[in-house]
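Below you'll find the structure, written out as structure tokens, and then a few comments.
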């Protein structure tokens with residue numbers, strides 16, 4: 001059966017829609033698509049600065065071969081992947097716990113939810129500066145608390161493992177409420193009849209959670225994972241404010257490495273290659289999350 005042909009009114013409405021959206025699409029293309037494509041092009045070039053601007057000396061794959069052979073890039077990649085996996089796993093776990101508690105509340109849910117969203121509402125640079133004060137080796141509150149139980153409290157941002165842990169804590173503190181809100185939206189959509197059926201079958205609270213709540217939350221959790229993986233993999237502002245990628249290169253993410261290469265070392269081609277490879281990895285991660293999300297939706301529909 002062929003689809004019905006659009007009427008004259010529908011065609012006029014479509015043309016009007018394109019007319020009104022064209023300016024916005026042009027702006028998006030100029031400020032988003034063009035810089036991305038330009039960065040990809042520069043990643044295949046050897047560039048030097050001249051009085052007239054950038055001058056492409058040659059087109060080459062050398063930026064990528066040098067990058068892939070660089071231990072600094074590999075260390076940044078491993079840190080970014082490990083940081084993303086750990087923080088997202090913790091945030092999803094805590095987000096589910098917080099969402100379940102909020103779902104069980106009879107009164108005061110709105111106030112508690114508003115308080116929980118305060119960390120998420122803060123600009124990351126502001127929250128990073130706040131945690132920088134808390135981690136300060138001289139007057140920081142966290143350092144003072146460690147001093148109560150340790151003779152020599154650690155220099156949190158000056159030692160690799162404490163610095164990575166401290167940065168992860170700051171990230172989890174900020175983004176867990178966002179995950180909890182997404183999962184809470186999934187919880188309130190679970191029909192009450194499912195809980196009643198589980199209770200009739202004699203299921204306890206833990207069994208109900210594993211067999212009723214968690215399967216129903218899989219599509220929502222997949223969405224939360226998608227958002228958090230995309231954000232965590234491109235993390236820049238938190239390590240840049242807290243540690244500048246240090247101590248050494250212990251907290252240097254791919255985004256921080258690309259920034260230093262591009263703006264501090266002024267290596268345009270290599271910086272563009274790092275940015276392009278990071279974007280490609282993000283796209284791969286996004287596609288994997290979307291595939292997982294689609295499978296979860298299909299399973300939920302089949303069930």
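Residue numbers (the UniProt record's numbering): 1 to 303. Backbone N, C-alpha and C fix where the C-beta goes; we use that ideal spot for every residue, glycine too. Bear in mind the structure is a predicted one, so any value in this text is a computation, not a measurement.
1. If I measure Cβ to Cβ from residue 184 and keep anything under 7 Å in the same chain, skipping five residues before and after, which residues do I get?
2. Cβ of residue 241 within 7 Å of Cβ of residue 128?
3. When the distance is taken between beta carbons, is residue 131 closer than 7 Å to residue 170?
4. With the cut-off set at 7 Å, would you say residue 157 and residue 135 are in Cβ contact?
5. Please report the straight-line C-alpha distance between residue 193 and residue 231, rounded to a whole angstrom.
6. May I ask you to verify whether the segment 140-151 touches the segment 57-74, counting CB pairs closer than 8 Å and requiring at least 3?
7. Mark residue 24 as exposed unless 16 or more other C-beta atoms lie within 10 angstroms of its C-beta, in which case mark it buried.
8. Rounded to the nearest angstrom, what separates residue 38 and residue 273 at their Cα positions?
9. In the DSSP assignment, the beta strand (DSSP E) including residue 56 goes from what residue to what residue?
10. Pair every Cβ in the segment 220-240 with every Cβ in the segment 73-86, then say whether three or more of these pairs are closer than 8 Å.
11. Can residue 269 and residue 40 be called in contact, C-beta distance under 7 Å?
12. Taking the alpha-carbon positions, what's the residue 165 to residue 159 distance?
13. Does the distance from the CB of residue 261 to the CB of residue 251 come in under 7 Å?
14. Mind reading off the beta-carbon distance from residue 249 to residue 72? Whole number of angstroms is fine, and I expect it under 8 Å.
15. From residue 75 to residue 167, what distance separates their C-alpha atoms?
16. Quick one: which unbroken alpha helix (DSSP H) runs of 4-plus residues sit fully inside the segment 68-151? Chain order, please.
17. For residue 174, collect the residues of the same chain with a Cβ closer than 8 Å to its Cβ; drop the 5 residues on either side in sequence, then sort them by chain order.
18. Which same chain residues end up closer than 7 Å to residue 177 when comparing Cβ atoms and leaving out the 5 residues on each side of it in sequence?
19. Below 8 Å CB to CB, which residues in the same chain sit around residue 58 once its five sequence neighbours on both sides are set aside?
20. Can you list, in chain order, the residues of its chain with a C-beta nearer than 6 Å to that of residue 216? Leave out the 5 residues immediately preceding and following it.
21. Going by beta-carbon coordinates alone, are residue 182 and residue 224 separated by less than 7 Å?
22. Can you tell me whether DSSP reads residue 48 as helix, strand or coil?
23. Could you compute how far the alpha carbon of residue 219 sits from the alpha carbon of residue 32?
24. Have a look at residue 77 and residue 111 and give me their C-alpha separation to the nearest angstrom.
25. Using a Cβ-Cβ cutoff of less than 8 Å, which residues in the same chain neighbour residue 94 once the five nearest sequence positions on both sides are dropped?
26. Inspect the beta-carbon positions of residue 221 and residue 289 and report whether they are closer than 7 Å.
27. Can you tell me where the alpha helix (DSSP H) with residue 182 in it begins and where it stops?
28. Express the C-alpha separation of residue 163 and residue 302 in angstroms, rounding to a whole number.
29. For residue 36, which residues from the same chain have a beta carbon less than 8 Å from its beta carbon, with the 5 sequence-adjacent residues on both sides left out?
30. Between the C-alpha atoms of residue 18 and residue 227, what's the straight-line distance to the nearest angstrom?
31. Whole angstroms are fine: how far does the CA of residue 246 sit from the CA of residue 161?
The answer reads as follows:
1. 99, 102, 103
2. yes
3. yes
4. yes
5. 36 Å
6. no
7. exposed
8. 11 Å
9. 53-59
10. yes
11. no
12. 10 Å
13. no
14. 6 Å
15. 17 Å
16. 71-104, 109-121, 124-134, 141-149
17. 119, 120, 122, 124, 127
18. 116, 117, 119, 120
19. 45, 46
20. 190
21. yes
22. strand
23. 30 Å
24. 40 Å
25. 172, 176, 179, 180
26. no
27. 160-187
28. Only weak support exists for where residue 302 lies, its pLDDT of 48 falling under 50; the coordinates are left without a value.
29. 279
30. 29 Å
31. 11 Å
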